[in-house]
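Peer 1: Following this message is one structure expressed as structure tokens.
2 protein chains.
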Amino acid sequence: MNCITLARTLHLALNDQQPDQALLALAGMQPVDIAETLMELELPDSLQLLMLFELTRRTLVFGHLSLERQIELTSILPRGALISLVVAMPADERADLFKRFDVQQRETLLPALAQLERDDIRKLCSYPEGSAGSLMTSEYSALEADMSAASAIASLRREAADTETLYQTYVLDSQRRLVGTLSLRELILAAPDTPLAKLMVKPVLSAQVTDSSESVARAISRYDLLALPVLDENRRLVGIVTCDDAMDVVVEEATEDFHKGAMVSVPIGSLKTATIRLLYRKRVFWLVLLVFGNLFSGAGIAAFEDIIAANIALVFFLPLLVDSGGNAGAQSATLMVRALATGDVVMRDWLQLLKRECSVAILLGVTMSVAVASLGLLRGGPDIALIVSSSMLIIVLLGSLIGMSLPFLLSRMRLDPATASGPLITSIADAAGVLVYFGIASQVLEL
Amino acid sequence: MNCITLARTLHLALNDQQPDQALLALAGMQPVDIAETLMELELPDSLQLLMLFELTRRTLVFGHLSLERQIELTSILPRGALISLVVAMPADERADLFKRFDVQQRETLLPALAQLERDDIRKLCSYPEGSAGSLMTSEYSALEADMSAASAIASLRREAADTETLYQTYVLDSQRRLVGTLSLRELILAAPDTPLAKLMVKPVLSAQVTDSSESVARAISRYDLLALPVLDENRRLVGIVTCDDAMDVVVEEATEDFHKGAMVSVPIGSLKTATIRLLYRKRVFWLVLLVFGNLFSGAGIAAFEDIIAANIALVFFLPLLVDSGGNAGAQSATLMVRALATGDVVMRDWLQLLKRECSVAILLGVTMSVAVASLGLLRGGPDIALIVSSSMLIIVLLGSLIGMSLPFLLSRMRLDPATASGPLITSIADAAGVLVYFGIASQVLEL
């Protein structure tokens, strides 16, 4: 049963005052799947359903709703239910929600929370979006180095309800500085009286609160970690980023890079629920800007109007030649953008890669040059064949070199290289292609 | 110290017969970082270094080398070292390596392995590339439902060395069919004499061996799992896919989609180590094909040569108009391609999204139409202004609708929708744009 059909079933059950039927329809389903179905329902229905679940399940389902739907729900939830929900939420999700609350909601909620939770929310809310601090949770388990394995396990048992993962624990000194990590695996394999100092792993991989969430996700992926500890400027442990959150970051970053490559401003969220207004706003800026960018190509053409008018066959090859530059450029740019994003390639590799790119581009240019030479001969004679084949070689070479260098240039200027693939490189390659093509044409034809 | 500098240091240390110096330089480094450095060294140096590590570390480092380097090394490793390495490797990595061995290497190795390992390799090698079976490992921990929590922990302790993750265990019936999953967390929190039947979670999320590795990775990401069990056609447990492998799949899939979008044939592996020959081969096919695709635009132009020759000012707007169609199309296509890839959107959403796309495209088209109308007026008078602004509206609308539908069409035809963004949509939109532009121009100018 897909989630729209299911949503309809639920709506009918609630309308018929049959909440048990509704619950039955959702039995055994994963929280994220239930949340997806709830997103298809009207707000009152989804509120009513949410309140049917016991608190643990309600919290899990709530956590998978979109932030917008969470906000809508919290504004109509009864106060008591709101407080119990917020207390039960994982610290990182709670902080994300809290950031979006208005003053009145904050004032309702804060006094109802314990001092510890209030401080925790304030702290987690204080880190800027996109930083490791904004991604981390404060619910980790910490131990001391002089504990034994047995007492560590006992301590983990007591803390279990308040931690996101039991599988990685962190050994801290008296100033809460991180001195080692310990996996539950090592802990249950160890003799019960082994001190943690002997079991723990150091040096410890860690991130700073100010690091980008992207670099944290990359580290978790690279080192196959379950969680990465996050430290403040005094090397004190302030939180952990778990691998499921890192996976979400990896997916989101890839999506944003795709969108940027096609000149869609980010973030756009779920495409399915995006409004017409949002899509228009995110797309129009670059489209209009690229129109003006294309004026360079137009101006290039205008400069050669006489020669074009005298040799109208030249126009036949125009889209073919300029597009080839754009296509070759888009290939090079995309290869670089992705390699930079995954960390496969870094800034200092540029020169080495440029040399190789030259060789590849010359080979490609020659191949394509041969392919169009015959077309030129067929449609316009030897002069045109010479013009289109030599233009093709230079245009492909130029397009590739611009395409491969632009991501590095943007990176250097601290802009996102992802913007370099797609329409931007196409527009630049177009203008360059027009100049090369008609420049060569005017030289050859005037001889 | 970056890894090229470090590689140089290591080479010098080995040359000076100072292996201890080399080991010291690598002390405390993560296996994946050591592997990256080893990839920068000549083969004999990397072999020598690898043999300096004790077996556990050697196996970890070896596992992070590229498959090509692994093959090179295995062909020069002493037989004894090769056998101990292969035995120590995780089952999934071992099977991937084994698939690439030649007959002689297989014949050297197989007799040295235990029957169990031989069967395991044969089984894992039998699943096709890109399937859940090819991604999974057979090293999971399995328990029986009538065990107590305490005896389960004791059993896990014994098996620990042979399992990839202790944190998820699988409860099987007498036919090895999966009846429930159990997290180590629940296990250590439970009273020691609780039977597993009471602790385990069911229904169980699982995959079939024949499922695509992409869908398995998506499930692990969606449900925040540490591992997903993989079943054969009789619902017997045959392996698990762990979340770190799922993360790799997510990253690889995104990379391949980027490359496909720019018409680079996949897979291309690491860009840094790709050869000129490989890059040429992966790029040339589509570039040449697109040249011939662009002949449609050329033919379109040729059909209108007279009207162009008589109104040469029209050429000025050609790149601007056709590129706008391509750009709008690339935006729509990219949004759809990514939403389809992440599962945000599915096939049956097409009609609903098409309606919304129409509204967005009309708004975009009108905006851009207004932007070029003034340019048209300025350069060619009211006739040209009418032609370029009405062409722009239709071209943007057409480009967007083609761009948003093409990924669905490719998906329907069981082709990868990722190919739809970038150069392909640009070429199609170009040809459509030429026809629309000169078609309208000839209508207006002939009046």
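First to last, the protein sequences are chains X and Z. When we follow our numbering, the leftmost residue of the first sequence carries the number 1, and every step to the right adds one. When we follow our numbering, the leftmost residue of the second sequence carries the number 1001, and every step to the right adds one. Note that beta-carbon positions come from the ideal geometry of N, C-alpha and C, so glycine has one too. Please read these numbers as outputs of a predicted model, since none were measured by experiment.
(1) Given a limit of 7 Å on CB to CB distance, which residues of the stretch 299–317 of chain X reach chain Z?
(2) Can the beta-carbon of V1241 of chain Z be found less than 8 Å from the beta-carbon of V1216 of chain Z?
(3) If you draw a straight line from the C-alpha of D1096 of chain Z to the C-alpha of L41 of chain X, how long is it?
(4) So which of X:L50, X:A112, X:G376, X:T163 has the shortest CA-CA distance to Q70 of chain X?
(5) Pull the bridge partners of P1183 of chain Z from the DSSP assignment, please.
(6) Can you tell which of Z:A1431, Z:G1180, Z:E1446, Z:Q1030 has its C-alpha closest to the C-alpha of L1295 of chain Z?
(7) Do you know how far the Cα of A88 of chain X is from the Cα of L1354 of chain Z?
(8) I need the straight-line Cα distance from T137 of chain X to E164 of chain X, nearest angstrom please.
(9) Can you look up G1028 of chain Z in the DSSP assignment and give me helix, strand or coil?
(10) Can you look up Q175 of chain X in the DSSP assignment and give me helix, strand or coil?
(11) Are the stretch 304–319 of chain X and the stretch 374–385 of chain X in contact at 8 Å, needing three or more beta carbon pairs?
(12) Taking the C-alpha atoms as reference points, what is the distance between A1197 of chain Z and E1139 of chain Z?
(13) Run through chain X and tell me which residues come within less than 7 Å of G1422 of chain Z, C-beta to C-beta.
(14) Comparing alpha-carbon positions, which option in Z:R1106, Z:D1102, Z:L1178, Z:P1195 lies nearest S1148 of chain Z?
(15) Which two residues bound the contiguous alpha helix (DSSP H) that contains E72 of chain X?
(16) In the DSSP assignment, find the beta strand (DSSP E) that holds S1126 of chain Z and state where it starts and stops.
(17) Can you check which of these residues, X:A160, X:P19, X:A299, X:G63, is closest to D33 of chain X by C-alpha distance?
(18) Using a Cβ-Cβ cut-off of less than 7 Å, give me the residues of the stretch 1021–1032 of chain Z that come near chain X, in sequence order.
(19) Using 8 Å as the limit for Cβ to Cβ distance, is G1261 of chain Z near chain X?
(20) When the cut-off is 8 Å and only beta carbons count, does L1363 of chain Z lie next to chain X?
(21) Is it the case that the Cβ atoms of S421 of chain X and A333 of chain X are separated by a distance below 8 Å?
(22) Only counting the same chain, and skipping five residues up and downstream in sequence, which positions put a Cβ closer than 8 Å to that of R1281 of chain Z?
(23) Thinking A1309 of chain Z and A309 of chain X are a contact (beta carbons under 8 Å), I'd like their distance in whole angstroms, please.
(24) Please name the residue in Z:A1007, Z:T1009, Z:E1107 whose C-alpha comes closest to that of V1075 of chain Z.
(25) Hey, would you say L1340 of chain Z sits closer than 8 Å to S1411 of chain Z, going by beta carbons?
(26) From what residue to what residue does the alpha helix (DSSP H) around P1423 of chain Z run?
(27) Can you name the residues of chain X whose CB is closer than 8 Å to the CB of T1342 of chain Z?
(28) Counting Cβ pairs closer than 8 Å, one from the stretch 1185–1193 of chain Z and one from the stretch 1103–1117 of chain Z, do we hit at least three?
(29) Determine, using beta carbons only, whether P1019 of chain Z and L1073 of chain Z come nearer to each other than 8 Å.
(30) Could you check the C-alpha separation between R1185 of chain Z and G133 of chain X for me, to the nearest Å?
(31) Let me check understanding here. Comparing Cα to Cα, which of Z:M1336, Z:V1434, Z:V1360, Z:E1357 lies closest to F1408 of chain Z?
(32) Please confirm if the stretch 1251–1260 of chain Z is in contact with the stretch 276–293 of chain X, defined as three or more CB-CB distances below 8 Å between the two stretches.
(33) Would you tell me roughly how many angstroms separate the C-alpha atoms of Y1170 of chain Z and V1366 of chain Z, rounded to the nearest one?
(34) Using only CA atoms, which one of Z:A1246, Z:E1093, Z:V1372, Z:L1397 lies nearest to C1358 of chain Z?
(35) From the DSSP output, in three-state form, read off L1406 of chain Z for me.
(36) Can you list the alpha helix (DSSP H) stretches of 4 or more residues lying completely in the stretch 1198–1267 of chain Z, in chain order?
Peer 2: This is what the structure gives:
(1) I301, A302, E305, I308, A309, I312, V315, F316, F317
(2) Counting from one through the second sequence, the residue named residue 1241 of chain Z turns up at place 241. Counting from one through the second sequence, the residue named residue 1216 of chain Z turns up at place 216. Yes, these two residues count as a Cβ contact at 8 Å.
(3) Looking up residue 1096 of chain Z in the second sequence gives position 96. Looking up residue 41 of chain X in the first sequence gives position 41. Rounded to the nearest angstrom, the two C-alpha atoms are 46 Å apart.
(4) Stepping through the first sequence from its first residue, residue 70 of chain X is reached at position 70. Closest by alpha carbon: X:L50.
(5) Taking the second sequence and counting its residues from 1, one reaches residue 1183 of chain Z at position 183. Here residue 1183 of chain Z is Ser; the residue named in the question, Pro, does not match the sequence. Beta-bridge pairing links S1183 of chain Z to Z:Q1168.
(6) Residue mapping note: residue 1295 of chain Z aligns to position 295 of the second sequence, counting from 1. Closest by alpha carbon: Z:A1431.
(7) To locate residue 1354 of chain Z, count along the second sequence from 1; it is residue 354. To locate residue 88 of chain X, count along the first sequence from 1; it is residue 88. One C-alpha to the other measures close to 41 Å.
(8) Stepping through the first sequence from its first residue, residue 137 of chain X is reached at position 137. Stepping through the first sequence from its first residue, residue 164 of chain X is reached at position 164. Cα to Cα, the separation comes out at about 8 Å.
(9) As a position in the second sequence, residue 1028 of chain Z is number 28, starting the count at 1. Coil.
(10) By 1-based counting over the first sequence, the position of residue 175 of chain X is 175. Q175 of chain X: coil per DSSP, three-state reduction.
(11) yes
(12) Within the second sequence, residue 1197 of chain Z is the residue found at index 197, counting from 1. Within the second sequence, residue 1139 of chain Z is the residue found at index 139, counting from 1. Their backbone Cα atoms lie some 22 Å apart in a straight line.
(13) Along the second sequence, read from residue 1 onward, the residue named residue 1422 of chain Z stands at position 422. Those within 7 Å of G1422 of chain Z in chain X are A330, G422.
(14) Position 148 of the second sequence, counted from the start, is the residue given in the question as residue 1148 of chain Z. Checking every option, the nearest Cα to that of S1148 of chain Z belongs to Z:P1195.
(15) For this step, residue 72 of chain X is matched to residue 72 along the first sequence. Note, E72 of chain X: alpha helix (DSSP H), 67–76.
(16) For the purposes of this step, residue 1126 of chain Z is identified with residue 126 of the second sequence, where counting begins at 1. Premise fails: S1126 of chain Z is in no beta strand (DSSP E) and is neither H nor E.
(17) Residue 33 of chain X sits at position 33 when you count from the first residue of the first sequence. It is X:G63.
(18) G1028, Q1030, V1032
(19) The sequence position of residue 1261 of chain Z within the second sequence is 261, counting from 1. Taking Cβ atoms only, chain X reaches closer than 8 Å to G1261 of chain Z, which makes this a yes.
(20) Position 363 of the second sequence, counted from the start, is the residue given in the question as residue 1363 of chain Z. L1363 of chain Z counts as touching chain X.
(21) By one-based count along the first sequence, residue 421 of chain X stands at place 421. By one-based count along the first sequence, residue 333 of chain X stands at place 333. Yes, the pair counts as a contact, with Cβ atoms nearer than the cut-off.
(22) The count along the second sequence starts at 1 and reaches residue 1281 of chain Z at position 281. Closer than 8 Å at the Cβ level, and outside the excluded window around R1281 of chain Z, lie S1265.
(23) Along the second sequence, read from residue 1 onward, the residue named residue 1309 of chain Z stands at position 309. Along the first sequence, read from residue 1 onward, the residue named residue 309 of chain X stands at position 309. Going by Cβ atoms, the distance from A1309 of chain Z to A309 of chain X rounds to 6 Å, so yes, they are a contact pair.
(24) As a first step, residue 1075 of chain Z must be located in the second sequence, where it is residue number 75. A small fix is needed here, since residue 1075 of chain Z is Ser in this sequence, not Val. When only C-alpha atoms are compared, the closest one is Z:E1107.
(25) If you number the second sequence from 1, residue 1340 of chain Z lands on position 340. If you number the second sequence from 1, residue 1411 of chain Z lands on position 411. Yes.
(26) Looking up residue 1423 of chain Z in the second sequence gives position 423. Here the alpha helix (DSSP H) through P1423 of chain Z covers 1423–1446.
(27) Working through the second sequence from its first residue, we reach residue 1342 of chain Z at position 342. By Cβ distance, chain X contributes V251, T255.
(28) no
(29) The sequence position of residue 1019 of chain Z within the second sequence is 19, counting from 1. The sequence position of residue 1073 of chain Z within the second sequence is 73, counting from 1. Cβ distance not < 8 Å, so P1019 of chain Z and L1073 of chain Z don't count as in contact.
(30) Counting from 1 along the second sequence, the entry for residue 1185 of chain Z is found at position 185. Counting from 1 along the first sequence, the entry for residue 133 of chain X is found at position 133. Those two C-alpha atoms are separated by around 26 Å.
(31) As a position in the second sequence, residue 1408 of chain Z is number 408, starting the count at 1. Comparing Cα positions, the closest option is Z:M1336.
(32) no
(33) Indexing the second sequence from 1 puts residue 1170 of chain Z at position 170. Indexing the second sequence from 1 puts residue 1366 of chain Z at position 366. Each residue's Cα considered, the two are about 59 Å apart.
(34) For this step, residue 1358 of chain Z is matched to residue 358 along the second sequence. Among Z:A1246, Z:E1093, Z:V1372, Z:L1397, the Cα nearest to that of C1358 of chain Z belongs to Z:L1397.
(35) The sequence position of residue 1406 of chain Z within the second sequence is 406, counting from 1. Helix at L1406 of chain Z.
(36) 1213–1222, 1243–1261
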